[in-house]
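Novice: In this text, residue positions in the sequence shown follow this note's numbering: the first is 6, and each later residue adds one.
Where a beta carbon is used, it is the ideal one built from N, C-alpha and C, also for glycine.
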Amino acid sequence: MNPALTRAAFNDIADYFGVLKSTIDPRYGEIPKNLIPVKKYRQIPVLEEIACGDPILAEENIEEYREEIDENLPTGEVFYLKIRGNSMVPTIPSDSYVLIRRQPVVEDGEIAPVIVNGDSEATLKRVKHVNDVVMLMPDNNDYHPYIIDENNPARILGKAVKVSFDL
Numbered sequence: 006m007n008p009a010l011t012r013a014a015f016n017d018i019a020d021y022f023g024v025l026k027s028t029i030d031p032r033y034g035e036i037p038k039n040l041i042p043v044k045k046y047r048q049i050p051v052l053e054e055i056a057c058g059d060p061i062l063a064e065e066n067i068e069e070y071r072e073e074i075d076e077n078l079p080t081g082e083v084f085y086l087k088i089r090g091n092s093m094v095p096t097i098p099s100d101s102y103v104l105i106r107r108q109p110v111v112e113d114g115e116i117a118p119v120i121v122n123g124d125s126e127a128t129l130k131r132v133k134h135v136n137d138v139v140m141l142m143p144d145n146n147d148y149h150p151y152i153i154d155e156n157n158p159a160r161i162l163g164k165a166v167k168v169s170f171d172l
């Protein structure tokens with residue numbers, strides 16, 4: 006490779022991004038102290054689409070993986086769910102990804118993926134405890150709450166901790 010061409014390309018890259026050459030190559034001086042090194046990434050599995058509306062069939066299949074910086078993740082087992090539906094709009098738009106920390110219990114007002122209808126379907130809703138009943142509340146007023154009681158049992162998969170989506 007031609008060293009002059011490499012140097013010219015390197016200069017062009019630094020100029021294009023408006024940074025000093027030392028920002029991207031320590032041979033050109035000290036690296037700025039305000040740069041934060043990325044320590045470690047984790048591949049987080051994206052499981053099936055989950056309904057934000059009517060519950061859908063709940064088979065935990067890995068569809069893809071999304072990378073996250075490890076230090077930005079909560080402790081414990083985490084996974085993403087791809088969201089389909091509008092019952093959690095405006096909080097969670099359809100086609101977004103919700104990061105879930107696996108845990109069996111959530112507090113009132115927290116959002117959780119919940120297995121319903123005899124472990125055959127799943128939905129993502131805000132959880133509200135009222136006496137002996139758990140209500141799965143949509144954030145969109147066009148949808149109705151889903152009632153959980155002794156005749157209609159359910160199982161919480163975890164707690165929603167982050168929402169992201171692609172533009």
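Could you check which residue in 49, 123, 100 has the C-alpha nearest to that of residue 158?
Specialist: Nearest option by C-alpha distance: 123.
Novice: Mind checking who residue 71 pairs with in its DSSP beta bridge?
Specialist: For residue 71, which the question treats as bridged, DSSP gives the partners 49.
Novice: Which same chain residues, not among the five before or five after residue 82, have their C-beta less than 6 Å away from its C-beta?
Specialist: Answer for residue 82: 107, listed in chain order.
Novice: Would you grab the beta carbon distance between residue 154 and residue 135 for me? Rounded to a whole angstrom, and I think it's under 8 Å.
Specialist: Actually they are not in contact, since the Cβ atoms of residue 154 and residue 135 sit about 10 Å apart, beyond 8 Å.
Novice: What is the DSSP secondary structure of residue 26, counted as helix, strand or coil?
Specialist: Residue state, collapsed to three classes: helix.
Novice: If distances are taken between C-alpha atoms only, which option among 78, 146, 53 comes closest to residue 127?
Specialist: If we check each option's Cα against that of residue 127, 53 comes out closest.
Novice: Compare the C-alpha of residue 47 against each of 165, 76, 147 and name the closest.
Specialist: Comparing Cα positions, the closest option is 76.
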